[in-house]
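My numbering applies: residue 12 is where the sequence shown begins, and numbers increase by one. What follows is a short report on a single structure.
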Amino acid sequence: MMTTYKGVVYPWQCDHMGHMNIQHYAAKFDEATWQFFGSIHMSPDYLRTANRGMVAVDQKTKYKMEVIAGDIVDITTAVLEIREKSIRFLHIMKKTNSGELVAETEFIGVHIDTITRKSCAFAEDVRNAAAKCIPQGDAAGSCG
Numbered sequence: 012m013m014t015t016y017k018g019v020v021y022p023w024q025c026d027h028m029g030h031m032n033i034q035h036y037a038a039k040f041d042e043a044t045w046q047f048f049g050s051i052h053m054s055p056d057y058l059r060t061a062n063r064g065m066v067a068v069d070q071k072t073k074y075k076m077e078v079i080a081g082d083i084v085d086i087t088t089a090v091l092e093i094r095e096k097s098i099r100f101l102h103i104m105k106k107t108n109s110g111e112l113v114a115e116t117e118f119i120g121v122h123i124d125t126i127t128r129k130s131c132a133f134a135e136d137v138r139n140a141a142a143k144c145i146p147q148g149d150a151a152g153s154c155g
């Protein structure tokens, strides 16, 4: 799996119960998603110039452990499946120092033409790069 995010939990991200609010888990996973997309040749520049975009059509998140202000976390990402027009991938958030599992989220994203607003095939280099991010046994390929 490739590392797609490293950060800290700030006090302003915590709710009245003292732990990070779910909106900030989503924000950290979103930042990891854009780093991941960039690593498989779907940078913001590419998406703008090629009139392409990505839309999330499904997301399932599991919260495993609370984090509080000052905790440092990292997110790793793996591709579970790449198809002609869609990709299914997994983000895993852990406490950086202990390696404890904090949360995980699985996304299905669809590649679209931003002019027609319809799904379209990924470019071959994107599909190839994403395929390298599918774990093989206990280890990921040469992702990133």
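Backbone N, C-alpha and C fix where the C-beta goes; we use that ideal spot for every residue, glycine too. None of these values were measured; they are calculated from a predicted model.
Own chain residues within Cβ distance below 6 Å of Tyr-74, not counting five before or after: Non-local C-beta neighbours of Tyr-74 in its own chain, meaning closer than 6 Å and more than five positions away in sequence, comprise Ala-114, ordered along the chain.
Test item: CB-CB of Met-65 and Phe-48 under 8 Å: Against a cut-off of 8 Å, the Cβ pair of Phe-48 and Met-65 comes out as a contact.
Asp-82 to Val-20 span [Cα, whole Å]: The alpha-carbon atoms of Asp-82 and Val-20 are separated by roughly 5 Å.
Given 8 Å, three or more beta-carbon pairs between the segment 81 to 97 and the segment 137 to 144: Verdict: yes, contact present.
With 16 other Cβ atoms within 10 Å as the buried cut-off, status of Lys-71: Burial call: exposed.
Proximal residues to Glu-42 (C-beta, below 7 Å), its chain only, five neighbours per side dropped: Same-chain partners within the cutoff: Tyr-16.
Cβ pair Ser-130, Val-121 closer than 8 Å: Yes, these two residues count as a Cβ contact at 8 Å.
As assigned by DSSP and simplified to three states, the class of His-102: Look at His-102 here: in three-state DSSP terms it is strand.
Rounded C-alpha distance that separates Arg-63 from Lys-105: The C-alpha of Lys-105 is placed about 31 Å away from the C-alpha of Arg-63.
Within 8 Å, strictly: CB atoms of Ile-79 and His-30: The answer is yes: Cβ separation under 8 Å.
Burial state of Val-84 (16 or more Cβ within 10 Å): Val-84 is buried by the Cβ-count criterion.
Beta-carbon gap between Ile-123 and Ser-97 smaller than 8 Å: Going by C-beta atoms, Ile-123 is not nearer than 8 Å to Ser-97.
In DSSP terms, what Ala-67 is bridged to: DSSP output for Ala-67 lists Gly-120 as bridge partner(s).
Range of the contiguous alpha helix (DSSP H) that encloses Tyr-16: Per DSSP, Tyr-16 lies in no alpha helix (DSSP H) segment; the continuous beta strand (DSSP E) that holds it begins and ends at 13 to 19.
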